[in-house]
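Reading the sequence shown from the start, the letters are residues 128 to 511 in the working numbering. Structure first, commentary second.
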Amino acid sequence: MAEVLQVEFARPLDADPRRSYTLPSRYYTDPEIFELEREKIFYRSWMYLCHVSEVARPGDYLAGSILDQDVFVVRDRSDQLRGYYNVCQHRAHRLVEGSGTFRAAITCPYHAWAYGLDGQLRTARNSDGVEGFDKSQFSLRPVRVEVMCNLVFVNLDNEAASLASQAPNLEADICRELPYWKDLTLTESYDFGGRAMDAGWKVVIDNYLECYHCEVAHPQFCDIISMPAYENTIDGITARQKGWDVCHDNSAYHLARDARMPHSLFWYVWPTTTINVMPGDGDLLITSAVPVNHLATRFTNYRFSPDGTPDRKDRRNYLENVLGTEDMLRCESVQRGLFSRGYDQGRFIVDSEDSGVGEHVVHHFHRMVRDALDDQGSEPNRSL
């Protein structure tokens, strides 16, 4: 596999979205490109792992993964969150599963090597008789951890810029738009039974980042959220869509006139995390789009409520069985179409105001993907 991507662009992915064409279809169909994405995007980016309430007390831990790399976070005795690769330094057994609390040490279930919460090897059974055995050589490998609005992100790249510096306004924006954010608690997580969408992760994110398709593909969504007042803006490695005007008498789900949240808000965090709030009770849904391979994506959803109440059945039904199905059908059709010999590059539809129904954010996403993979490109890596 080449370490630097060389793809010929028949038409330019221009810096100006009004003159630009899309990424060539090979970016969506070539498994070698996905392997480059694994190394140059997913292993170098901030990925959502959990909420601080899931690791609230000293000793609490939670395991997760970034593609094929198992990791876990733990709160140490000084109340600091630490992250590590989830692998024993003896013979590579996984250290922990799921979540729980370490009472004394992080102990491998295979040969009982034990580590402190600081990652230092404490004991290795029968190692006293091993010539030159040095415990300091076998500390757990650290993973970077950053918390934003009580959301815990991890990054495998020790040289990556901080999440706060790459998304300079995200925390303030969430705090302003969701003044009750400190009251949000995790009420459920689900992954649709592990079912995968037959579309690659970039097709999924392309679809998420624009509402040009909404009036055609999502009639009930546009019945509850007015498109003329819809906004779609960019900030660092994030983007935000906001639906200012909502209709209480709509065909999607019941919306009380005194609802806590009178707008819709959808934040995107590079590369595959979305933070979503629909009009209504103020519930927040974080979705992690997890690539299975270059042609399939799974989704893990984390629902947070400001008052601990379960999701409304009518809204849950709309989001999962109507809106979600509408998006799935479009994304899977696009993924099939990208293999067509009759297609290579499209054109972005962008208006002069960069309105909420344009594709300027998709254009920035394409540029970010291209620049992350093409180290020899004519322009330096740039943020979304």
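Every residue gets a Cβ at the ideal spot worked out from N, C-alpha and C, and that includes glycine.
Just to confirm, does residue i get its C-beta within under 7 angstroms of one of the non-hydrogen atoms of the ligand PLP?
{"i": "P158", "result": "Inclusion of the ligand PLP in the displayed structure is not the case, the ligand content being empty and no account of it being possible."}
So, are the CB atoms of residue i and residue j less than 8 angstroms apart?
{"i": "G473", "j": "C338", "result": "no"}
{"i": "V279", "j": "V198", "result": "no"}
{"i": "S391", "j": "D410", "result": "no"}
{"i": "R497", "j": "L208", "result": "no"}
{"i": "T234", "j": "R184", "result": "no"}
{"i": "A251", "j": "W240", "result": "yes"}
{"i": "R204", "j": "D187", "result": "no"}
{"i": "A499", "j": "K167", "result": "yes"}
{"i": "M324", "j": "M174", "result": "no"}
{"i": "A137", "j": "D471", "result": "yes"}
{"i": "D350", "j": "A383", "result": "no"}
{"i": "L297", "j": "V404", "result": "no"}
{"i": "A326", "j": "Q462", "result": "yes"}
{"i": "L267", "j": "Q216", "result": "yes"}
{"i": "L465", "j": "S152", "result": "yes"}
{"i": "A416", "j": "V330", "result": "no"}
{"i": "G407", "j": "M388", "result": "yes"}
{"i": "T314", "j": "G485", "result": "no"}
{"i": "R443", "j": "A344", "result": "no"}
{"i": "T401", "j": "T414", "result": "yes"}
{"i": "N428", "j": "L412", "result": "yes"}
What distance in whole Å lies between the Cβ atoms of residue j and residue i, which are believed to be in contact at a cut-off of 8 angstroms?
{"i": "A356", "j": "D372", "result": "5 angstroms"}
{"i": "L336", "j": "F492", "result": "6 angstroms"}
{"i": "E181", "j": "L189", "result": "5 angstroms"}
{"i": "L124", "j": "V214", "result": "It is not possible to answer for residue 124, since the shown part of the chain is limited to 128 through 511."}
{"i": "G243", "j": "R249", "result": "5 angstroms"}
{"i": "V488", "j": "N359", "result": "5 angstroms"}
{"i": "P158", "j": "F475", "result": "With a Cβ gap of about 26 angstroms, P158 and F475 do not count as contacting."}
Take the Cβ of residue i as the centre, count every other Cβ of all protein chains shown within 10 Å, and call the residue buried at 16 or more, exposed below.
{"i": "G225", "result": "exposed"}
{"i": "D318", "result": "exposed"}
{"i": "T399", "result": "buried"}
{"i": "C302", "result": "exposed"}
{"i": "S292", "result": "exposed"}
{"i": "Y307", "result": "exposed"}
{"i": "K440", "result": "exposed"}
{"i": "S172", "result": "buried"}
{"i": "E135", "result": "exposed"}
{"i": "R468", "result": "exposed"}
{"i": "N253", "result": "exposed"}
{"i": "R430", "result": "buried"}
{"i": "S147", "result": "buried"}
{"i": "T365", "result": "buried"}
{"i": "P236", "result": "exposed"}
{"i": "Q264", "result": "exposed"}
{"i": "S505", "result": "Confidence is the limiting factor: at S505 the pLDDT is only 36, short of 50, which leaves the residue's position unreliable, though a coordinate-based value still follows. The residue in question, S505, is exposed, as its Cβ has fewer than 16 Cβ neighbours within 10 Å."}
{"i": "R322", "result": "exposed"}
{"i": "Q368", "result": "buried"}
Take residue i as the anchor and find which of the options has the nearest alpha-carbon.
{"i": "P295", "options": "R165, G464, K167 and G363", "result": "G363"}
{"i": "P139", "options": "P433, H490 and L500", "result": "H490"}
{"i": "W328", "options": "L297, G407, L313 and F426", "result": "F426"}
{"i": "N285", "options": "V272, H340 and R218", "result": "V272"}
{"i": "I361", "options": "R322, K262, V274 and D481", "result": "D481"}
{"i": "M495", "options": "V396, D408 and Y470", "result": "V396"}
{"i": "C276", "options": "A288, H178 and L313", "result": "H178"}
{"i": "D245", "options": "D255, G210 and H238", "result": "G210"}
{"i": "D300", "options": "E342, S152 and F393", "result": "F393"}
{"i": "C374", "options": "S316, G320 and F348", "result": "F348"}
{"i": "N420", "options": "P144, F161, A142 and G259", "result": "F161"}
{"i": "T156", "options": "D438, V449 and L422", "result": "L422"}
{"i": "H381", "options": "D438, S460 and S316", "result": "D438"}
{"i": "G320", "options": "L311, V274 and E447", "result": "E447"}
{"i": "P418", "options": "H238, L412, E453 and E164", "result": "E164"}
{"i": "V274", "options": "S263, S289 and D261", "result": "S289"}
{"i": "H340", "options": "H220, E453 and L222", "result": "E453"}
Determine whether the Cβ of residue i lies closer than 8 angstroms to any Cβ atom of chain B.
{"i": "R322", "result": "Of the chains in the structure shown, none is chain B; there is only one protein chain."}
Going along the chain, which unbroken runs of the alpha helix (DSSP H) with 4 or more residues stay wholly within the stretch 276-318?
With a minimum length of 4 residues, the continuous alpha helix (DSSP H) runs that stay inside the stretch 276-318 are 290-293 and 297-304.
At 4 residues or longer, and completely inside the stretch 453-508: list those alpha helix (DSSP H) runs for me, N to C.
Within the stretch 453-508, complete alpha helix (DSSP H) segments of at least 4 residues are found at 487-500, given in chain order.
Residue ranges of each alpha helix (DSSP H) within the stretch 340-368, 4 or longer:
Taken in chain order, the unbroken stretches of alpha helix (DSSP H) that lie wholly in the stretch 340-368 and span 4 residues or more are 341-344 and 346-351.
At 3 residues or longer, and completely inside the stretch 377-419: list those beta strand (DSSP E) runs for me, N to C.
For the stretch 377-419, whole beta strand (DSSP E) runs of length 3 or above, ordered along the chain, are 391-396 and 400-404.
In chain order, which continuous runs of the beta strand (DSSP E) of length 3 or greater are located wholly inside the stretch 187-222?
When DSSP assignments are scanned along the stretch 187-222, the uninterrupted stretches of beta strand (DSSP E) that are 3 or more residues long and fall wholly within it turn out to be 187-193, 196-202 and 208-212.
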